[in-house]
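Undergrad:
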């Protein structure tokens, strides 16, 4: 396989995993903009999406029904988390709220372990295993599904924010809460919606990714952490930034995994690929704290 | 006024001296129990001396980190999601320097402290000048990177297999090679930590920190160097974690990457929040409760397997319940009096931004 083919293969791997990071990051950004809270249960929604889909197909449902039902269940869980961990604490500080979401993530993770056990589960590929060929590079068709579904979801969210009344109200709420309240927007409902929407996005990511990487009850935290860094690197205030950040992290990880061994003559091996992507992300944050696409934040008083 | 301050302030304390003396005696009794217990004696549940000492040692090690993290969260209003990494840096410094270079344990511990302080400075100096929770993000990233390095730098850390045969802690020819001795060392270190924390909170920089806790803007107007004060606390808390890590390495005499991951960073957060950030004793209580609860669940789980799977859920429920019902943590229970104003547990800068 030539170098170009290798690069194509790593790019597809990177973009597809990065797209899921991006979906998590987008969800985190939506919740952050509505509440100022970083939702540490976000990765658990990805895990739940995958686990539910496996459980429902296991009951004999067709894939599309199982997928839609999983998204509905996870959305309901998202609404429940908002009700129990956020709305129950009306005057709490941001740190307290963040800790409440960490508590929620524990409950979801533990619940998944009780329900489905500690083993990793897998969903059949949506359209078989015959690799697609671009030049000499063979590409798992499921990865194309991941990228396609993620792209459609992101465009859908953007259209929702731009063209629907509810979407515009959510944006208004993110820009200025009190002003939004003054013009009659129900803030509580918008916060609820942000949790529901984020949970649905994460669940979609989990469902399409499970055939590629399998899913385990303990996998949520990784998605939260990487999605969080993706969102921050892209600029938390900016949904598209999160997607860009996620894809960047995914691609960096895949390319580092493929080439760092050769490039450093074995000094740094491919086990470090994720560390390299994270270090680059932190370096970007260090230089541009507002993120790649974020607006500049004022310095300390 | 917070419960913590009512306990900490000499002038504000309304405990009678008798009550205070009783509390100290009780505490001394609890700390001394594992040492004084006879070798063959069994407490209810078959708990013997050895087991009690082990729980005590782990509680002490965790409490040392939690006290530092409590200062950071309660006073500087910042969250660290990577304190397990500082703990691990201390542990691996001790492990590697004593086994590979034959350094004396105390010197290795000192090297770990310096390494951790340096990393904390590099991370904290730029991030603590900014508004928002940048420190949380940077410590999170650091934690993930450090975990990968522990696993991958096999030549240095032994990778998955870890570092074995770490020598006992000792000063010269004086070896702390029995459990009671090590327990005493841990409790002594915790005592010194608490004394330092108490002095810090009640010193000039402590007053600055408390001013920070109330309102960052007001503190800045009064001439408090906000960023510097926060950085100071952050570095202190990282160093405490490193010391605890060194103690862990010499106690277990074996380190592997497992205990130093994100899960432990969250465990520490639970200890601090459940006990009460913004007080010195709160995190200690949190660490004790956490260890006792997880040991008890483990014991029950040996008989009833599904209980062992319940621990994650239970910790989550406890965490949410505490922030909802006891927003200032368990210390509120000790200092609860009618008519005292209640407010949110931690008042970070984010409120000023809202």
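Residue numbers (my numbering), protein chains in the order written: chain L, 1 to 301; chain U, 1 to 354. Even glycine gets a Cβ: it sits at the ideal position worked out from N, Cα and C. In this text, all values refer to a predicted model and were calculated from it rather than measured experimentally.
1. For the stretch 131 to 149 of chain U, list every residue whose C-beta sits within 8 Å of some C-beta in chain L, in sequence order.
2. Quick test of the definition: if touching needs 3 or more C-beta pairs under 8 Å, does the stretch 280 to 298 of chain U touch the stretch 46 to 60 of chain U?
3. Sort L:66, L:230 and L:165 by Cα distance to residue 57 (chain L) and report the nearest one.
4. On the DSSP bridge assignment, give the partners of residue 171 (chain U) in chain order.
5. For the stretch 253 to 264 of chain U, list every residue whose C-beta sits within 7 Å of some C-beta in chain L, in sequence order.
6. Would you list, in chain order, the members of the stretch 309 to 337 of chain U that have their beta-carbon closer than 9 Å to a beta-carbon of chain L?
7. In the DSSP assignment, find the unbroken alpha helix (DSSP H) run with residue 117 (chain U) in it and report its ends.
8. Below 8 Å on the Cβ atoms is my guess for residue 189 (chain U) versus residue 247 (chain U); work out the distance and round it to an integer in Å.
9. How many Å lie between residue 353 (chain U) and residue 280 (chain L) at the Cα?
10. Between the beta-carbon of residue 70 (chain L) and the beta-carbon of residue 220 (chain L), is there less than 8 Å?
11. So what does residue 252 (chain U) bridge to, in DSSP terms?
12. Let me know if residue 152 (chain L) comes out buried or exposed under the rule of 16 or more other beta-carbons within 10 Å of its beta-carbon.
13. Considering Cα atoms alone, identify which of L:249, L:285 and L:228 is closest to residue 18 (chain L).
14. Distance cutoff 8 Å, beta carbons only. Does residue 73 (chain U) sit that close to anything in chain L?
15. Determine the DSSP secondary structure at residue 11 (chain L), reduced to helix, strand or coil.
16. Using 8 Å as the limit for Cβ to Cβ distance, is residue 195 (chain L) near chain U?
17. With 16 other CB atoms within 10 Å as the buried threshold, where does residue 136 (chain U) fall?
18. Is there a Cβ of chain L sitting closer than 8 Å to that of residue 79 (chain U), yes or no?
19. Could you name the residues of chain U that residue 107 (chain L) contacts, counting a contact when the two beta carbons are closer than 7 Å?
20. What is the DSSP secondary structure of residue 129 (chain L), counted as helix, strand or coil?
21. Rank U:24, U:80 and U:64 by C-alpha distance to the C-alpha of residue 194 (chain U) and give the top, closest one.
22. Return no unless some Cβ of chain U is closer than 8 Å to the Cβ of residue 272 (chain L).
23. Expressed to the nearest angstrom, what Euclidean distance is found between the alpha-carbon atoms of residue 42 (chain U) and residue 35 (chain U)?
24. Going by alpha carbons, who is nearest to residue 230 (chain U) out of U:114, U:116 and U:120?
25. Report the rounded CA-to-CA distance for residue 134 (chain L) versus residue 286 (chain L), giving the unit in angstroms.
26. Rounded to a whole number of angstroms, what is the C-alpha to C-alpha distance between residue 55 (chain U) and residue 86 (chain L)?
27. Hey, quick one: how far does the beta strand (DSSP E) through residue 280 (chain U) stretch, first residue to last?
28. Can you tell me where the beta strand (DSSP E) with residue 138 (chain L) in it begins and where it stops?
29. Have a look at U:238, U:233 and U:205 and flag the residue whose alpha-carbon is nearest the alpha-carbon of residue 224 (chain U).
30. Chain U partners of residue 152 (chain L), CB-CB under 7 Å?
31. Can you give the Cα-Cα distance for residue 205 (chain L) and residue 149 (chain U), rounded to whole angstroms?
32. So does residue 261 (chain U) have its beta carbon nearer than 7 Å to some heavy atom of the ligand NAD?
33. How is the alpha helix (DSSP H) around residue 177 (chain L) delimited, first residue to last?
34. Note down, in chain order, each residue of its chain lying with its Cβ closer than 7 Å to the Cβ of residue 186 (chain U), except the 5 sequence neighbours on either side.
35. Check whether the Cβ atoms of residue 82 (chain U) and residue 142 (chain U) sit closer than 8 Å, and answer yes or no.
36. On the DSSP bridge list, what partners appear for residue 134 (chain L)?
TA: In short:
1. 131, 132, 133, 134, 136, 137, 138, 140, 141, 142, 144, 145, 148 and 149
2. yes
3. L:66
4. U:174
5. 262
6. 309, 310, 311, 312, 313, 314, 315, 316, 317, 318, 319, 320, 321, 322, 323, 324 and 327
7. 105 to 127
8. 7 Å
9. Because residue 353 (chain U) carries a pLDDT of 36, less than 50, the predicted location of this residue cannot be relied on, and the following value inherits that uncertainty. Answer to the nearest angstrom: the Cα atoms are 29 Å apart.
10. no
11. Bridge partners of residue 252 (chain U): none, in fact.
12. exposed
13. L:249
14. yes
15. helix
16. no
17. buried
18. yes
19. 313, 316 and 317
20. coil
21. U:64
22. yes
23. 14 Å
24. U:120
25. 38 Å
26. 34 Å
27. Per DSSP, residue 280 (chain U) belongs to no beta strand (DSSP E) and is neither H nor E.
28. 137 to 139
29. U:205
30. Here the premise fails: no neighbours, minimum Cβ distance about 29 Å.
31. 29 Å
32. With respect to small molecules bound, the structure shown includes none, and the ligand NAD cannot be examined in it.
33. 177 to 182
34. 57, 60, 61 and 247
35. yes
36. L:137
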